Amino acid sequence: MRISREWLEQYIDLTGITDSSLADALTGIGLEVELIERVSAVPAGVVVGCIIQAVPHPNADSLRLCQVDVGPLGKGANLQIVCGAPNAREGIHVAVAMVGAELPGDFKIKEAKIRGEKSFGMMCSEKELGISDDHESIIELKGEHALGTPVGTAMGVDDMVMTLNVTPNRADCLSYIGVARDLSAKIHRKLKLPALPQVPDVKSQPDSFKAAIETESAGRRFCGIKVDGVKAAMSPAWMQQRLLAAGMRPINAIVDTTNYVMLEYGQPVHAYDERHVSGKTLTARLAKSGEILKTLDGQDRKLENGDIVICDAQHIIGLAGIMGGANSDVKDDTSAVLIEVAHFTPNAIRTTSKRLGLRSEASQRFERGVDVHRLGDVAWRVGGLLCEVCPGAKITGTLIDFFPQPHQEKCRPRTVALRLDRARKTLAIPDLRGDFVETTLRDLGLKIIRQTETEMVFEIPEWRQDIEREADLVEEIARMVGFETIPYELPVMALDTTPEDPGIDFAEDARMLMAQAGLRETISFPFISHDEFKKLRIPSGHELAPAVRIVNPLSEEFGLMQTTLVAGLLKCAANNERHGRTGVRLFEFGRAYLSSQHALGAATTRHLTERAAGENGRPVEKPVVAGIMTQPWTKKSWSGEERHAGFFEAKRIAWQWLSALGVKGLEAAPLDEKSAAMLPFMHPRASCLILASNLPDKHGKPIVLGYAGEIHPETAVAFDFAADQAPVAFEFDFDAVFAAADAAAAAIATSTNKILFKFPPSSRDVALLVKTGVTHDNFTRAFADFPKRKNLKSYRLFDVYEGANLPAGKKSMAYTFDFQSSERTLTDTEVEQEVTALVAWLAQNLEAQQR
Amino acid sequence: MNQPTQPNQPNQPNQPAQPMNTVSMREAAEAVRKQFSADHGKTAANPSPRAVEELRLAFLGRKGRVQELTEGLRHVPKEDRPESGKIVNSLRQEVDAAVTVLQESAKSWILNERLNIPQVDVSLPVDDTTPVGALHPVTLMRRILIREFRRLGFTIYDGPEIDFDFYNFTALNIPESHPARDMQDTFYVAPASPGAFSGEKMLLRTQTSNIQIHAMLANKPPLRIIAPGRVFRCDSDITHTPMFHQIEGFVVDKGITFANLKATIDTFLKAIYGSDLKTRFRPSFFPFVEPGAEFDVQCTICTGKGCRVCKNTGWLEVGGCGMIHPKVFEAVHYDSEEYSGFAFGFGIDRMAMLKYALPDLRQLFDGDYDFIGQFPIQA
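So the sequences go chain by chain: A and B. Note that the first sequence ends on residue 851 in the working numbering; no numbers are left out. Note that the second sequence ends on residue 379 in the working numbering; no numbers are left out.
Written as structure tokens, this is what we have:
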């Protein structure tokens, strides 16, 4: 809402209040001043000048040739200006429009030659400057201001316009009177309401027209008034100026008056040309689907059930509260108008204006609710003001008022009780006075109707729909005492025993450790499209396919919620690649959303309360963490060649991170047919599932934490990578990681044999010849099952070799074994015996031959 | 590098040993001593561990010169053996002592060798095999917020991002007709099957305030909770993204006042922005608080003098707050006569933008590798 100070001063005396303290006061009571503009009623380039010499024009009796001093703007010379005004004489201070100034009516001042004499500017009347309708003579200024001063400043007609952010609960403050009323309660000055015309004797007046509302769901009250003798001429300058300051374009005296009163009272007003209202009736009713109205902007509007329309005896002539019809609009030759001042059902207006995309000043006010009790006053005000701005206009008949008893019943004012003690406690103002509360609330229009020792009961005016209960009254008091007067006191409370999910801290640590592993964190929008599912090679019916669908997405690209973070990371990595950033390593913590409860393991409920977890239909929100690394792994440098990232780089990062989190018993399982199908966007032969063997699932199998490996070349290509440049990636179910880390921590806490190895280990290197199909994992299991294992503490694979000097179908795998005892230093013999036994075991188990 | 000392060729084992006596033994020992003296001299000049070891092997090894003499004792007549033995023993001790000294020298030789290297070009760049990772500025900001609120005794709470409209709107006193519920503002979710949501609507939460409802329904006062998280709105332009981050905070107990709200927010803002900056509270409107307020902090750039960042107001808008509305308490079955509370919420992204002087919100979410790598992990 744009509020002009000049206009606001019609309703409240602001003498002695500076612009900035006015703005502060408004912001302080919740009418936030978002923007302050200085506007001048006088166009730029019109300055104070003094007529030094005025002589008759040599070639025209009615004109004078003046020399005008405009101070420094004249650059040492006087301006010669030809002037026809009778009062142009030596010594007076005048308003000079300099060459280049633009006056109202697109009148640009230029150098001119008038009857043979040059003229450099114009001395102006008030009408020429658009500040009044006086055009008899040029303006004579008092001479208090230096020559060259802008005339707006000199005349005191400059204005300040504030843009207020009116919160949606304050419909009443979408009006000058509403803002002035709030302000009056704050600064303790009286609210001045506009004078209304004398109300004629109702009984002696015949009805000038009829108004009605067909159903209550269309609205509650319909008032009207008829004004004859109006003219659609220009409205007076002061009205135009105020409308312009408020951001409305002046149109003609009739329309401007309706707009003016709307801004004044917050009540939209519509004027119908009486000639086009057949049967002299205005009826508000609900539209039927399929009806059509041409609105005054010339467009045909298709109506639907529930829209509110205004009809005359034959046609629809307006879309109530939103826009008038083209057929009944005020025209240039309109001479009599029917004024509609009504209450329409807010929700209906809102729905219709949204659907048609017609948000107007009027609809905005109807949506928030208008004051049903003030419609009569507003109608009189419109009538009175029309008579003022259209000479010769007069109100015909009296106020038409459709306000049946049942509607009135619904509009009875409510009462709200306030306990002064409660207000004092809530606001921590123990000395809040009852009489302060009473006068403040009275200034806001609340009437005290009952008062006891402990309680004050107020009647709430219709325009304050937002005040429903005690807390709302406390807010009114808080606004008016000023939030700044409420003290600062930290709460004194018992320690909070609300349980906190340990996973929250774990996640923060896990992010830090991921960064430590050399990846940078990214955050992307968790949306995915059908197209991206295709790129991931995820078919419908797949476990990752039941995505949560957005009904109203911003675009197709954002149509579904992600079921894996890999799509987002691939997009992000490809984007980086496009911008020349290679060797990118990114990770993201997020959620995978699945509309099915059965998808991808058990539903996760860490983040849900018991109640929420029990509600049907909730999608699964699984916390996941994923990473992506684009090629190359290392760029070529002085110390080494460029190296490609492959499966092992993904695995290394995964291992490093999981181990840092304390997860034990990590295993990598190659993708089998089932898991490869579950991860169709991963390379089937260079990817693995990552399992935690220390945490078996309910079938006794190690739980799956996630997967790591190379992106499927087809997926890589679909995301704009070259087939041989496929990135590597990993993704983990974060709840599973947390559970595995938790189990490992618990195992440490409960284990009784925490051995301190004080005696030195003894190491042996053994190379073993096996069939090429034998994996490290086979060895790991064999070592774990080694029946004669006594002192073998750890082992490390240090060489894998397949080559010319080995038999076909064989490879060599070489391990370093560490033997160590917690009791003594082992003898060579003991070690040799265990090695011999181990080699025999491997020969039996894996057909391994020692080389 | 010094050449290893070449020991003399030992006698061939199959060659019959010459019969010896004390005299010839003494001569032989003298010859060995002479040889050792010469070789020792060479080695001592440059006692590399290798040279010392070779010297030791040449004289004291199994096939060394001294060992050779010891073996020769077998051929010395019995009566000459004690004398000859002494000669050989004495020689062994001499050589042994000299070698031990050299072995010590060899240790210093290694240290010298390690130290006397050419100057390393320390300016050669570190290779990028393990690049430095980074946390996202929003994460960094959240860590700071969590830390500061924990100091004030707050508990962190998490909750669903996809939620029923009850938690996001109804229970927060946002009625059915409220504009915030419009499809233009809120992303709605389609049910997996007809009737799956039992007549309720499911949506992407538009605010972290849904956590107020979840937490209050699950717990009894006193409560002091913050809930950071992501929220969604149908908005996308230079200052809006369809997803962004908020943090919600609320306190419920007997006798909580607006003064408590002011002091809590003031304390935390000062902890984040510095104790010399003022805070300000302005009346505003949010359906789930009454009285409602917005809170500002003095512009961190110009400290209140007015600049481009604060649009010359001297203040930066931080968030919304207020006393929890009685209708919210009704929805979670708290007695608003017994308990009162306050709640607040603000955007984490905006705070991060302010902290790191970022011009464009969208930068936060486009994952530019260089952009996100530049924020240090610090307070």
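The beta carbon of each residue, even a glycine, is placed where N, CA and C say it ideally should be. If you're wondering where the values come from, they're calculated on a predicted model, not measured in any experiment.
Can you find a C-beta in chain B that's less than 7 angstroms from the C-beta of A:G617?
Interface annotation, A:G617: in contact with chain B, CB-CB separation under 7 angstroms.
Bounding residues of the alpha helix (DSSP H) (the contiguous stretch that carries B:K86):
Element bounds for B:K86: 81-115.
Give the straight-line distance between the Cα atoms of A:L631 and A:L586, rounded to the nearest whole angstrom.
One point to set straight first is that residue 631 of chain A is Gln, not Leu, in the sequence displayed. If I take the Cα positions, the gap works out to 12 angstroms.
Have a look at B:P77, B:P221, B:I156 and flag the residue whose alpha-carbon is nearest the alpha-carbon of A:G503.
Considering only alpha carbons, the answer is B:I156.
For chain A, find out if any of its Cβ atoms is closer than 7 angstroms to the Cβ of B:I174; answer yes or no.
By this cut-off, B:I174 is not an interface position.
Per-residue contacts from B:Y188 into chain A (C-beta, under 9 angstroms):
By Cβ distance, chain A contributes I550, V551, N552.
Counterpart residues of B:D237 in DSSP-defined beta bridges:
Paired residues: B:H240.
Is A:E731 near A:V624, with beta carbons less than 7 angstroms apart?
Inclusion of A:E731 and A:V624 in the CB contact set at 7 angstroms is warranted, their separation being smaller than that value.
CB contact check: A:I486 to chain B, cutoff 7 angstroms:
For A:I486, a Cβ of chain B is located within less than 7 angstroms of the residue's own Cβ.
Name the residue from B:L217, B:S275, B:R280 whose alpha carbon lies nearest to the alpha carbon of B:V252.
The option with the nearest alpha carbon to B:V252 is B:L217.
Compute the distance between the beta-carbons of A:R789 and A:T816, then report whether it is under 7 angstroms.
With respect to A:T816, A:R789 sits apart: the two C-beta atoms are not nearer than 7 angstroms.
Name the two residues that bound the continuous alpha helix (DSSP H) containing A:K354.
Counting along the chain, the alpha helix (DSSP H) containing A:K354 begins and ends at 346-356.
Own chain, CB closer than 7 angstroms to A:A97, minus 5 neighbours either side, in chain order
Sequence-distant Cβ neighbours of A:A97 in its own chain, meaning closer than 7 angstroms and more than five residues away, are G45, V46, L103, I109, G121, M122, C124.
Looking at the C-beta of B:I162, does it have a partner C-beta in chain A at a distance below 7 angstroms?
At least one chain A Cβ lies under 7 angstroms of B:I162.
Pull up the distance between the alpha-carbon of A:G318 and that of A:A287, whole angstroms please.
In this structure, the straight-line span from the alpha carbon of A:G318 to that of A:A287 is close to 11 angstroms.
With distance defined between alpha-carbon atoms, name the residue in A:A814, A:P72, A:T281, A:H343 nearest to A:T780.
Nearest to A:T780 by alpha-carbon distance, out of A:A814, A:P72, A:T281, A:H343, is A:A814.
Taking 7 angstroms as the CB-CB cut-off, is A:R38 touching chain B?
Not one chain B Cβ lies under 7 angstroms of A:R38.
Quick check on the DSSP output: the alpha helix (DSSP H) that includes A:A784 runs from which residue to which?
Segment 776-785, the alpha helix (DSSP H) holding A:A784.
Express the C-alpha separation of A:C411 and A:I349 in angstroms, rounding to a whole number.
Roughly 19 angstroms separates the two Cα atoms.
Between the Cα of B:T129 and the Cα atoms of A:A645, A:G803, A:P696, which residue gives the shortest distance?
Among A:A645, A:G803, A:P696, the Cα nearest to that of B:T129 is on A:A645.
Under the three-state DSSP convention, the category A:D472 falls into
A:D472: helix per DSSP, three-state reduction.
So A:F107 and A:I400 are supposed to be a Cβ contact under 8 angstroms. How far apart are they, rounded?
No, A:F107 and A:I400 are not in contact; Cβ-Cβ is about 43 angstroms, not under 8 angstroms.
Taking CB distances under 7 angstroms as the criterion, tell me whether A:G266 reaches chain B.
False, the Cβ-Cβ gap to chain B never drops below 7 angstroms.
Where A:S363 and A:V370 are concerned, what is the direct C-alpha to C-alpha distance, given to the nearest angstrom?
If you take the alpha carbons of A:S363 and A:V370, they lie about 11 angstroms apart.
Can you pull the chain B residues whose beta carbon is under 8 angstroms from the beta carbon of A:I29, in chain order?
Correct list: P283.
B:G133 CB to nearest chain A CB: under 7 angstroms?
For B:G133, the nearest CB of chain A lies under 7 angstroms from its own CB, placing it at the interface with that chain.
Measure from the C-beta of A:G392 to each C-beta in chain B and report whether the shortest distance is under 7 angstroms.
For A:G392, the answer is no, since every Cβ of chain B falls outside 7 angstroms of its Cβ.
Does chain B have any CB closer than 7 angstroms to the CB of A:R424?
It does not; no Cβ of chain B falls within 7 angstroms.
Which residue from A:L282, A:G224, A:R442, A:T283 puts its Cα closest to that of A:T258?
Of all alpha-carbon atoms in A:L282, A:G224, A:R442, A:T283, the one lying nearest the alpha-carbon of A:T258 is that of A:G224.
For A:T564, go through chain B and note every residue whose CB falls closer than 7 angstroms to its CB, in chain order.
Neighbours of A:T564 on chain B: none; closest Cβ ~16 angstroms, over 7 angstroms.
Excluding the five sequence neighbours on either side, which residues of its own chain have a C-beta within less than 8 angstroms of the C-beta of A:T510, listed in chain order?
Note that residue 510 of chain A is Ala in the sequence shown, not Thr. Once the five neighbours on either side are set aside, the close Cβ partners of A:A510 are F589, V625, W657, L661, F734, V737.
Span of the alpha helix (DSSP H), counted from its first residue to its last, around B:I348:
Run containing B:I348: 348-355, per the alpha helix (DSSP H) assignment.
Chain B contacts made by the region 634-651 of chain A, where a contact means CB separation under 7 angstroms:
Within the region 634-651 of chain A, the residues whose Cβ lies closer than 7 angstroms to any Cβ of chain B are, in chain order, T634, K635, S637, W638, S639, G640.
With 7 angstroms set as the bound, which would you pick, yes or no: does the beta-carbon of B:L358 sit closer than that to a beta-carbon of chain A?
Answer no: the Cβ-Cβ gap between B:L358 and chain A never drops below 7 angstroms.
Out of B:R33, B:P77, B:R150, B:G64, state which residue places its alpha-carbon closest to the alpha-carbon of A:L495.
Here the closest residue by C-alpha is B:R150.
For A:M248, which residues in the same chain have their Cβ closer than 6 angstroms to its Cβ, ignoring the five residues on either side in sequence?
Once the five neighbours on either side are set aside, the close Cβ partners of A:M248 are N259.
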